[in-house]
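Here the protein sequences come in this chain order: E and L. Everything in the first sequence is counted per this note's numbering, starting at 6 for the first residue and increasing by one. Everything in the second sequence is counted per this note's numbering, starting at 6 for the first residue and increasing by one. A short worksheet on the structure shown next.
Protein chains: 2
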Amino acid sequence: MPVHAFAQLCDHVREVSLLTSTESILSWDQETYMPAKALAFRARQMSWLSGKAHALATGRMMQKLLHQAQSARLQDPKSTANLNVLTEEYERNAKIPNRLIMEESEFTAHAKHAWMEARKSSDFSLFAPHLEKLLNIARRKAELWGYADEPYDALLHTYERGTRTREVSSLFAKLKPELTQIASKAVERGKAIKPNLLRGNYPIAKQQQLNAEIAASIGFDFEGGRIDTTAHPFCTTLGPRDIRLTTRYDLKDFTSSLFGVLHEAGHGLYEQGLPEQDFGLPSGRACSLGIHESQSRLWENHVGRSRAFWEKWLPRTAEIFPNLRKIDLDDFMAAINLSEYSFIRVEADEATYDLHILLRFEIERRMVRGDLAIKDIPEAWNALFAELFGMVPPDAAKGCLQDIHWSMGGLGYFATYTLGNLNAAQLFATARKHRNIATAIDRADYAPLLGWLRENVHSHGGAPLPGEIMQRATSKATDARHHLRHLRERFVG
Amino acid sequence: MPVHAFAQLCDHVREVSLLTSTESILSWDQETYMPAKALAFRARQMSWLSGKAHALATGRMMQKLLHQAQSARLQDPKSTANLNVLTEEYERNAKIPNRLIMEESEFTAHAKHAWMEARKSSDFSLFAPHLEKLLNIARRKAELWGYADEPYDALLHTYERGTRTREVSSLFAKLKPELTQIASKAVERGKAIKPNLLRGNYPIAKQQQLNAEIAASIGFDFEGGRIDTTAHPFCTTLGPRDIRLTTRYDLKDFTSSLFGVLHEAGHGLYEQGLPEQDFGLPSGRACSLGIHESQSRLWENHVGRSRAFWEKWLPRTAEIFPNLRKIDLDDFMAAINLSEYSFIRVEADEATYDLHILLRFEIERRMVRGDLAIKDIPEAWNALFAELFGMVPPDAAKGCLQDIHWSMGGLGYFATYTLGNLNAAQLFATARKHRNIATAIDRADYAPLLGWLRENVHSHGGAPLPGEIMQRATSKATDARHHLRHLRERFVG
Numbered sequence: 006m007p008v009h010a011f012a013q014l015c016d017h018v019r020e021v022s023l024l025t026s027t028e029s030i031l032s033w034d035q036e037t038y039m040p041a042k043a044l045a046f047r048a049r050q051m052s053w054l055s056g057k058a059h060a061l062a063t064g065r066m067m068q069k070l071l072h073q074a075q076s077a078r079l080q081d082p083k084s085t086a087n088l089n090v091l092t093e094e095y096e097r098n099a100k101i102p103n104r105l106i107m108e109e110s111e112f113t114a115h116a117k118h119a120w121m122e123a124r125k126s127s128d129f130s131l132f133a134p135h136l137e138k139l140l141n142i143a144r145r146k147a148e149l150w151g152y153a154d155e156p157y158d159a160l161l162h163t164y165e166r167g168t169r170t171r172e173v174s175s176l177f178a179k180l181k182p183e184l185t186q187i188a189s190k191a192v193e194r195g196k197a198i199k200p201n202l203l204r205g206n207y208p209i210a211k212q213q214q215l216n217a218e219i220a221a222s223i224g225f226d227f228e229g230g231r232i233d234t235t236a237h238p239f240c241t242t243l244g245p246r247d248i249r250l251t252t253r254y255d256l257k258d259f260t261s262s263l264f265g266v267l268h269e270a271g272h273g274l275y276e277q278g279l280p281e282q283d284f285g286l287p288s289g290r291a292c293s294l295g296i297h298e299s300q301s302r303l304w305e306n307h308v309g310r311s312r313a314f315w316e317k318w319l320p321r322t323a324e325i326f327p328n329l330r331k332i333d334l335d336d337f338m339a340a341i342n343l344s345e346y347s348f349i350r351v352e353a354d355e356a357t358y359d360l361h362i363l364l365r366f367e368i369e370r371r372m373v374r375g376d377l378a379i380k381d382i383p384e385a386w387n388a389l390f391a392e393l394f395g396m397v398p399p400d401a402a403k404g405c406l407q408d409i410h411w412s413m414g415g416l417g418y419f420a421t422y423t424l425g426n427l428n429a430a431q432l433f434a435t436a437r438k439h440r441n442i443a444t445a446i447d448r449a450d451y452a453p454l455l456g457w458l459r460e461n462v463h464s465h466g467g468a469p470l471p472g473e474i475m476q477r478a479t480s481k482a483t484d485a486r487h488h489l490r491h492l493r494e495r496f497v498g
Numbered sequence: 006m007p008v009h010a011f012a013q014l015c016d017h018v019r020e021v022s023l024l025t026s027t028e029s030i031l032s033w034d035q036e037t038y039m040p041a042k043a044l045a046f047r048a049r050q051m052s053w054l055s056g057k058a059h060a061l062a063t064g065r066m067m068q069k070l071l072h073q074a075q076s077a078r079l080q081d082p083k084s085t086a087n088l089n090v091l092t093e094e095y096e097r098n099a100k101i102p103n104r105l106i107m108e109e110s111e112f113t114a115h116a117k118h119a120w121m122e123a124r125k126s127s128d129f130s131l132f133a134p135h136l137e138k139l140l141n142i143a144r145r146k147a148e149l150w151g152y153a154d155e156p157y158d159a160l161l162h163t164y165e166r167g168t169r170t171r172e173v174s175s176l177f178a179k180l181k182p183e184l185t186q187i188a189s190k191a192v193e194r195g196k197a198i199k200p201n202l203l204r205g206n207y208p209i210a211k212q213q214q215l216n217a218e219i220a221a222s223i224g225f226d227f228e229g230g231r232i233d234t235t236a237h238p239f240c241t242t243l244g245p246r247d248i249r250l251t252t253r254y255d256l257k258d259f260t261s262s263l264f265g266v267l268h269e270a271g272h273g274l275y276e277q278g279l280p281e282q283d284f285g286l287p288s289g290r291a292c293s294l295g296i297h298e299s300q301s302r303l304w305e306n307h308v309g310r311s312r313a314f315w316e317k318w319l320p321r322t323a324e325i326f327p328n329l330r331k332i333d334l335d336d337f338m339a340a341i342n343l344s345e346y347s348f349i350r351v352e353a354d355e356a357t358y359d360l361h362i363l364l365r366f367e368i369e370r371r372m373v374r375g376d377l378a379i380k381d382i383p384e385a386w387n388a389l390f391a392e393l394f395g396m397v398p399p400d401a402a403k404g405c406l407q408d409i410h411w412s413m414g415g416l417g418y419f420a421t422y423t424l425g426n427l428n429a430a431q432l433f434a435t436a437r438k439h440r441n442i443a444t445a446i447d448r449a450d451y452a453p454l455l456g457w458l459r460e461n462v463h464s465h466g467g468a469p470l471p472g473e474i475m476q477r478a479t480s481k482a483t484d485a486r487h488h489l490r491h492l493r494e495r496f497v498g
């Protein structure tokens with residue numbers, strides 16, 4: 006029963022996804038609503054789920070079902086692709102002992118909390134012992150997985166399958182002079198723009214109303230998702246029709262939550278566009294973080310910071326926030342695309358954003374290599390920051406404590422943000438070559454653009470490699486020139 | 006290693022509680038925030054967790070650990086009591102096939118949704134097929150469990166261990182004439198009270214502020230709990246320090262959410278007072294629903310609707326809601342204790358509340374016996390309602406579709422509300438016999454009362470039977486006269 010064998014394997018893998026998605030629910034709740042004292046028990050609940058999911062994904066039954074499916078010789082390409090990815094993942098997962106997975110899950114719940122406290126008091130020493138533990142786990146995992154050139158390869162593979170550290174490194178080395186130059190010119194130009202033009206009083210309920218209207222208008226389905234409030238915006242998938250976005254509110258600046266929502270809704274549109282019936286299988290999940298981030302950055306920056314978008318939305322925005330009624334569209338565009346050197350990555354403008362990534366990639370690579378001790382991170386961070394931005398963070402909260410990633414064990418993650426930026430520009434430029442898409446975009450109608458993304462990116466799921474997705478959609482591998490051209494046009498021009 | 010054997014059993018049982026509490030998180034999310042389209046997958050996640058928890062609680066490992074612990078001959082009474090309850094539960098659980106548990110879990114997720122839709126359109130036929138399924142499951146479980154007199158015994162035991170249907174039935178038969186008389190006099194008196202005295206505009210945020218202040222003032226710990234909004238208020242435990250209350254808001258009447266919060270906070274105080282280190286064991290859980298409801302009703306009615314409480318809280322309430330500034334305390338007390346016949350149980354005043362329970366107990370008992378077909382429920386409900394209240398519900402939404410319980414498979418549950426009323430009055434009267442508690446209550450200081458409840462009810466957990474809790478705390482079994490005296494004093498006087 007060859008087909009039956011593969012179907013059984015799929016059922017088993019879908020069962021694992023019931024557990025991993027349940028863990029996502031617990032994690033979402035931890036970030037959004039969980040009361041403080043619930044932490045310790047929550048960590049144990051999550052650890053149990055991780056352990057059980059890993060045990061199911063690597064146990065004898067999985068092994069048996071994989072072997073049966075492999076000897077079945079599947080005919081259709083989708084099943085074959087799924088089986089190949091599942092086999093590769095099984096081999097990778099089976100190298101990690103279950104105890105390590107459960108330990109990591111429990112550690113990260115506590116580390117996240119410690120990181121929040123450390124950041125609040127800007128005291129790196131509160132977080133350092135947790136980071137030490139998580140770095141050790143990451144390095145142990147890298148050794149168990151194995152790698153081609155250096156341990157960082159193995160970690161990077163978790164987020165960007167098939168991409169090597171040295172490829173990223175040489176790409177970033179090439180980008181660095183150009184990005185530095187663009188940033189410097191953009192910041193220079195930014196000095197001429199009137200600051201604080203959009204400062205005002207923006208009640209949360211009204212921000213929420215505008216954000217929801219805009220998210221719905223670009224296609225986010227609120228019957229299969231929602232927006233909540235967290236200190237650190239994210240998008241997470243709790244089930245095939247349950248995509249949760251989060252944002253945070255600045256009462257003086259509505260653009261902070263709005264661009265946050267556009268960004269996360271970009272992720273959400275990708276998740277909502279994946280083949281629902283394949284949920285739990287490689288073909289039903291996102292391809293990589295570099296592809297995921299291409300979707301969020303495309304909607305946030307290429308759509309959301311464009312003139313056509315605000316030609317349509319500024320009048321409505323001024324209805325909701327009357328203080329904007331007298332504002333000129335040119336001034337508004339200048340204000341939302343104002344570039345300046347700043348300390349916080351998630352608040353950085355497009356022109357300076359990638360410099361933050363170059364820094365993190367460098368720091369992480371040294372950490373994972375063992376060339377940078379935990380205690381020396383703040384100093385190394387500040388030194389590199391000074392080199393790239395010409396200024397030094399005033400404290401650790403504005404320096405090496407600002408990002409949540411390490412506290413979640415997410416080492417090897419950051420590079421995907423810049424890969425996402427490159428992919429976003431390339432996909433957007435390719436889509437715009439279709440006249441109907443371009444004319445629709447010019448009148449702020451994004452249905453054809455979303456249709457193109459659904460067809461060329463979303464519907465292919467995660468069985469292909471990221472490079473294959475880009476190749477199919479744009480006839481080229483990831484290529485930096487679209488992003489650089491976009492930045493020059495917008496910021497140097 | 007006798008002690009070791011029992012410790013191993015406890016570890017195993019605590020592992021089961023990781024799963025059941027995780028299912029509670031998923032259920033809480035379903036009620037509070039889950040988007041509509043997520044339902045089907047959520048049902049599968051919950052079904053998996055139920056099935057796994059049941060498998061762990063009834064599998065070979067559990068059997069082996071129980072046997073080992075039983076032959077270890079424990080010395081301390083707490084361990085012995087825990088072992089006895091675990092043995093009894095194991096025997097009960099092992100009679101139910103895993104498939105039935107998983108089916109029931111998945112059915113109820115869908116049935117809850119169907120019930121909401123049916124209630125919205127007041128169309129019993131939308132819910133009837135779901136209820137048919139759940140009634141069949143309940144009856145199958147009753148047959149598998151076995152019972153002394155009638156199948157309803159087995160269902161009642163789920164919520165009120167050791168209590169028989171005929172005991173409840175004879176108690177209710179005795180109560181009925183007295184309750185009917187009290188209700189009739191209370192309603193008559195209510196006609197003299199000015200209606201709609203408290204109607205006004207009460208913004209949700211301000212209601213939330215008052216509710217939180219009051220819940221905190223009676224001892225609810227917001228670092229180990231929170232309040233959210235749902236269509237149907239409830240209290241659920243997601244972990245030993247994670248107690249979630251919900252309420253709903255009437256923009257014209259702040260007392261609806263406030264008494265809802267006092268009620269649910271009463272449940273929450275009980276949960277927060279259970280021995281944390283025993284979470285997952287019988288000694289770390291609530292004893293029964295009749296005891297649980299005694300706590301909620303005590304805080305809602307004996308505390309929250311008392312004159313001393315409002316002597317303290319009316320000034321603060323009028324600060325938050327200025328329309329109440331001129332109101333007289335006597336008029337306010339009359340307004341919040343106004344009695345009238347009404348259709349909806351959860352909105353019923355104290356004097357008429359138990360009549361709603363008598364009705365449900367009668368209907369359910371007939372359903373479970375097989376004497377009442379699903380299709381005939383609306384008619385039977387209305388006939389009995391007319392007999393007790395002298396009026397007929399205008400539609401099913403205000404009749405047999407009003408309660409969530411059946412949609413969750415909760416047949417056998419309702420009687421515990423009236424048992425809770427009786428226990429509440431008895432516990433409150435007993436506590437008040439202590440001079441220091443009584444004088445504190447008279448100045449709206451409830452710390453000594455809570456201390457007494459912690460010591461005499463909460464700290465004993467769920468290993469004793471409900472009757473044993475009442476006996477220990479009040480030196481008597483549950484006795485209706487306290488409740489009847491309380492109602493007469495408040496409503497007939």
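Using N, Cα and C, we set each Cβ at its ideal position, and we do this for glycine too. Bear in mind the structure is a predicted one, so any value in this text is a computation, not a measurement.
ask   = Just to confirm, are L303(L) and L432(L) a CB contact at a threshold of 8 Å?
value = Yes, these two residues count as a Cβ contact at 8 Å.
ask   = Would you call F390(L) buried or exposed, if buried means 16 or more other Cβ atoms sit within 10 Å of its Cβ?
value = F390(L) comes out buried.
query = For K42(L) and chain E, any beta-carbon pair shorter than 8 Å?
reply = Interface with chain E (8 Å Cβ-Cβ cutoff): K42(L) is included.
key: Given I362(L) as reference, the closest of T322(L), L176(L), A313(L), W457(L) once Cα atoms are compared   = Measuring from the Cα of I362(L), the nearest candidate turns out to be L176(L).
request  = Would you tell me roughly how many angstroms separate the C-alpha atoms of A340(E) and D34(E), rounded to the nearest one?
outcome  = It is roughly 35 Å from the alpha-carbon of A340(E) to the alpha-carbon of D34(E).
request  = Would you check if the region 140–153 of chain E and the region 310–318 of chain E touch, i.e. whether three or more CB-CB distances between them fall below 8 Å?
outcome  = Pairwise C-beta distances place the region 310–318 of chain E out of contact with the region 140–153 of chain E, as fewer than three of them are shorter than 8 Å.
message = Counting only Cβ pairs nearer than 7 Å, list the residues of chain E close to S175(L).
response = What S175(L) touches in chain E: nothing, since even the nearest Cβ is about 42 Å away.
inquiry  = Within 8 Å of any Cβ in chain L, is that where the Cβ of Y254(E) sits?
reply    = No, Y254(E) does not count as interfacial toward chain L.
inquiry  = Let me confirm a value: L334(L) is counted as buried when at least 16 other C-beta atoms fall within 10 Å, else exposed. Which label applies?
reply    = So L334(L) counts as exposed.
task = Find the residues of chain L that neighbour P245(E), judging by a C-beta separation of less than 7 Å, and give them in chain order.
result = F46, listed in chain order.
query = Name the chain E residues that come within less than 8 Å of Q50(L), Cβ to Cβ?
reply = By Cβ distance, chain E contributes L23, S26, T27, I30, G244.
key: Cα-Cα separation, T357(L) to A291(L)   = C-alpha separation (whole angstroms): 27 Å.
query = On the three-state DSSP scale, how would you describe P241(L)?
reply = The sequence given here places Thr at residue 241(L); Pro does not occur at that position. DSSP, read as helix, strand or coil, puts T241(L) in strand.
ask   = Three or more beta-carbon pairs under 8 Å between the region 450–463 of chain E and the region 14–34 of chain L, yes or no?
value = Too few Cβ pairs lie closer than 8 Å, so no.
task = Assign T235(E) to one of three DSSP states: helix, strand, or coil.
result = Coil, per DSSP.
request  = Kindly confirm or deny that the region 406–415 of chain L and the region 120–131 of chain L touch, where touching means at least three C-beta pairs closer than 8 Å.
outcome  = Counting Cβ pairs under 8 Å, three or more are found: they touch.
For D247(L) and A86(L), the rounded distance between their alpha carbons = It is roughly 26 Å from the alpha-carbon of A86(L) to the alpha-carbon of D247(L).
message = Using 8 Å as the threshold, is the C-beta distance between A114(L) and R47(L) below it?
response = Their beta carbons are under 8 Å apart, which means A114(L) touches R47(L) by this criterion.
request  = Mind checking the region 207–230 of chain E against chain L and listing, in chain order, the residues whose C-beta falls within less than 9 Å of any C-beta there?
outcome  = Taking 9 Å as the upper bound on Cβ-Cβ separation, chain L lies near residues D226, F227, E228, G229, G230 of the region 207–230 of chain E.
task = Compute the distance between the beta-carbons of N216(E) and L274(E), then report whether it is under 8 Å.
result = Not a contact, by the Cβ cut-off of 8 Å.
query = By DSSP, does L544(L) sit in helix, in strand, or in coil?
reply = Nothing in the structure corresponds to residue 544(L), since chain L is present only between 6 and 498.
Chain-ordered chain E contacts of M4(L) [CB-CB under 7 Å] = This structure cannot speak to residue 4(L), because chain L is shown only from 6 to 498.
task = Indicate whether the contact test is met: 3 or more Cβ pairs, each with one atom in the region 135–144 of chain E and one in the region 70–87 of chain E, closer than 8 Å.
result = Touching, no, given that fewer than three Cβ pairs across the two stretches are closer than 8 Å.
W53(L) at chain E interface by Cβ criterion, 8 Å = Judged by the 8 Å Cβ criterion, W53(L) is in contact with chain E.
query = Who are D255(L)'s beta bridge partners in DSSP?
reply = D258(L), per the DSSP bridge assignment.
query = From the beta carbon of D34(E), is the nearest beta carbon of chain B less than 8 Å away?
reply = Included in the structure are the protein chains E and L, with no chain B among them.
Meets three-Cβ-pair contact criterion under 8 Å: the region 413–428 of chain E and the region 161–172 of chain E = They touch, by the three-pair rule.
ask   = So what's D381(E) in DSSP terms, helix, strand or just coil?
value = Looking at D381(E) - three-state DSSP - the assignment turns out to be helix.
ask   = Rounded to the nearest angstrom, how far is the Cβ of V173(L) from that of L161(L), given a contact under 8 Å?
value = 7 Å between Cβ atoms; contact.
message = Buried or exposed for T242(L), going by 16 or more other Cβ atoms inside 10 Å?
response = Looking at its Cβ environment, which holds 16 or more other Cβ atoms inside 10 Å, T242(L) is buried.
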